[in-house]
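Heads up, the thing below is written out as structure tokens.
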Amino acid sequence: GTKAGETVEALTAMLLVAVPHQSFRAARKEYPSEFLNFDAFVDDRHSDLTNVTSRQMFTNPAFQQVDPECKRYLSDHLLKVTLLIGDVLMRQGAVGEDLFFLARGSLQVVINDVRVNTIVSGNIVGEMAALGVDSKRSATCIALTTCVLFKLSRDLLVQALTQFPDQKSLFAWRCRSKNEDKLLDRVTRAPAFVDTSPLSVVMTHRTLAKISNKFESRLYLPGEVIMRQDQRGAHLFLIDFGRAVAAL
Numbered sequence: 025g026t027k028a029g030e031t032v033e034a035l036t037a038m039l040l041v042a043v044p045h046q047s048f049r050a051a052r053k054e055y056p057s058e059f060l061n062f063d064a065f066v067d068d069r070h071s072d073l074t075n076v077t078s079r080q081m082f083t084n085p086a087f088q089q090v091d092p093e094c095k096r097y098l099s100d101h102l103l104k105v106t107l108l109i110g111d112v113l114m115r116q117g118a119v120g121e122d123l124f125f126l127a128r129g130s131l132q133v134v135i136n137d138v139r140v141n142t143i144v145s146g147n148i149v150g151e152m153a154a155l156g157v158d159s160k161r162s163a164t165c166i167a168l169t170t171c172v173l174f175k176l177s178r179d180l181l182v183q184a185l186t187q188f189p190d191q192k193s194l195f196a197w198r199c200r201s202k203n204e205d206k207l208l209d210r211v212t213r214a215p216a217f218v219d220t221s222p223l224s225v226v227m228t229h230r231t232l233a234k235i236s237n238k239f240e241s242r243l244y245l246p247g248e249v250i251m252r253q254d255q256r257g258a259h260l261f262l263i264d265f266g267r268a269v270a271a272l
């Protein structure tokens with residue numbers, strides 16, 4: 025990072041070789057396999073800090089109310105990511121499906137080439153991508169210091185919600201609470217959406233305007249079942265955003 029974690033004082037005459045962090049970062053990108061042992065050394069060197077901050081992930085509001093068994097399941101499958109100064113965690117406009125918990129370090133948030141915020145340890149980045157609300161990153165995040173993060177993929181979240189279905193309501197509530205304005209906008213523009221839907225091919229504008237007043241906006245999280253084979257249904261669904269998979 026940009027600040028030393030401890031004071032080091034020479035006890036005797038010493039000769040050291042100083043490695044610029046830019047050269048170190050370039051070598052890491054070119055020969056990633058060569059740094060596996062180095063990463064293990066860093067992990068051991070900071071094991072106490074890493075263990076504490078990984079547990080802190082579940083004190084974050086996004087996970088605070090999650091069932092302990094579900095927390096343990098997620099914790100066992102989290103992937104740890106290490107960034108050096110200047111490394112890009114995500115780029116604005118890029119497709120993403122993972123969220124990251126920043127356990128150590130700080131990130132610079134950049135939108136349209138303007139620095140808008142700094143994210144410090146204890147916070148989550150990319151939550152809406154993992155929940156399936158946004159398919160593209162809304163900002164670029166760059167490491168200001170050496171960072172240690174824990175990655176939770178959308179696939180892992182789906183697996184967890186499949187094994188712990190009673191936890192879906194918690195993530196649905198958080199998804200709605202963080203995106204109330206966005207979801208409200210989608211509801212209010214429902215008539216315009218209908219005019220461009222496949223129904224406009226087989227129905228008149230007058231008919232579409234009449235039935236659109238009865239529409240309900242429903243939010244489904246990744247892993248939630250919209251309909252089941254052979255079960256009687258009472259609704260036709262139009263996909264406003266997102267994607268689903270059908271299985272027989």
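Just so we're aligned: 118 in this note's numbering is position 94 of the sequence shown, and the numbers increase by one with no gaps anywhere.
Quick reminder that beta carbons are idealized off the backbone N, C-alpha and C, glycines included.
#### Entry: Supposed contact pair leucine 180 and phenylalanine 195 - C-beta distance, whole angstroms, cut 8 Å
On the sequence shown, position 171 is the one that residue 195 refers to. On the sequence shown, position 156 is the one that residue 180 refers to. With a Cβ gap of about 13 Å, phenylalanine 195 and leucine 180 do not count as contacting.
### Query
Name the DSSP beta bridge partners of asparagine 84, please?
Locating residue 84 in the sequence shown gives position 60, counting from the first residue. Bridge partners of asparagine 84: none, in fact.
### Task
Starting from the C-beta of alanine 268, find all residues in its chain whose C-beta is less than 7 Å away, skip the five residues before and the five after it, and write them out in chain order.
On the sequence shown, position 244 is the one that residue 268 refers to. Short of 7 Å from the beta carbon of alanine 268, and not among the five residues preceding or following it, lie these beta carbons of its own chain, in chain order: Ile250.
### Query
Quick one: what does DSSP say valine 172 is sitting in, helix, strand or coil?
As a first step, residue 172 is located in the sequence shown; it is residue number 148 there, counting from the start. Three-state DSSP puts valine 172 in a strand.
### Task
Count the other CB atoms, across all protein chains shown, that sit within 10 Å of the CB of phenylalanine 261; report buried if there are 16 or more and exposed otherwise.
Reading the sequence shown from its first residue, position 237 is the one you call residue 261. Exposed, because fewer than 16 other Cβ atoms sit within 10 Å of the Cβ of phenylalanine 261.
#### Entry: Chain-order list of residues whose beta-carbon lies under 6 Å from that of aspartate 111 (same chain, five-residue window excluded)
Position 87 of the sequence shown, counting from 1, holds the residue named residue 111. Ala167.
### Query
In the structure shown, what three-state DSSP assignment does threonine 106 receive?
Stepping through the sequence shown from its first residue, residue 106 is reached at position 82. The answer is strand: DSSP assigns threonine 106 an E or B state.
### 8 Å CB neighbourhood of cysteine 94 in its chain, flanking five on each side removed
Here residue 94 refers to the residue found at position 70 of the sequence shown. So the list reads Ala184, Gln187, Phe188 and Gln191, once near-sequence residues are dropped.
### Query
What residue range is occupied by the uninterrupted beta strand (DSSP E) comprising aspartate 122?
Reading the sequence shown from its first residue, position 98 is the one you call residue 122. 122-128 is the span of the beta strand (DSSP E), which, as asked, contains aspartate 122.
### Task
Please report how far the alpha carbon of isoleucine 148 lies from the alpha carbon of leucine 131, in whole angstroms.
Numbered from its first residue, the sequence shown carries residue 148 at position 124. Numbered from its first residue, the sequence shown carries residue 131 at position 107. Rounded to the nearest whole angstrom, the CA to CA distance from isoleucine 148 to leucine 131 is 11 Å.
### Task
Just grab the DSSP bridge partners of threonine 164 for me.
The sequence position of residue 164 within the sequence shown is 140, counting from 1. According to DSSP, threonine 164 bridges with Val134.
### Task
Report the residue from Cys171, Val90 and Thr164 whose alpha carbon sits nearest the alpha carbon of glycine 150.
As a first step, residue 150 must be located in the sequence shown, where it is residue number 126. The option with the nearest alpha carbon to glycine 150 is Thr164.
### Query
Rounded to a whole number of angstroms, what is the C-alpha to C-alpha distance between leucine 173 and arginine 256?
The count along the sequence shown starts at 1 and reaches residue 173 at position 149. The count along the sequence shown starts at 1 and reaches residue 256 at position 232. If I take the Cα positions, the gap works out to 45 Å.
### Message
Just list the residues that DSSP pairs threonine 142 with in beta bridges.
### Response
Residue 142 sits at position 118 when you count from the first residue of the sequence shown. For threonine 142, which the question treats as bridged, DSSP gives the partners Gln132.
### Query
Under 8 Å, do methionine 152 and phenylalanine 125 count as touching if we go by C-beta distance?
Start at 1 with the first residue of the sequence shown, and residue 152 comes out as number 128. Start at 1 with the first residue of the sequence shown, and residue 125 comes out as number 101. It is not a contact, given that the beta carbons lie outside the stated cut-off.
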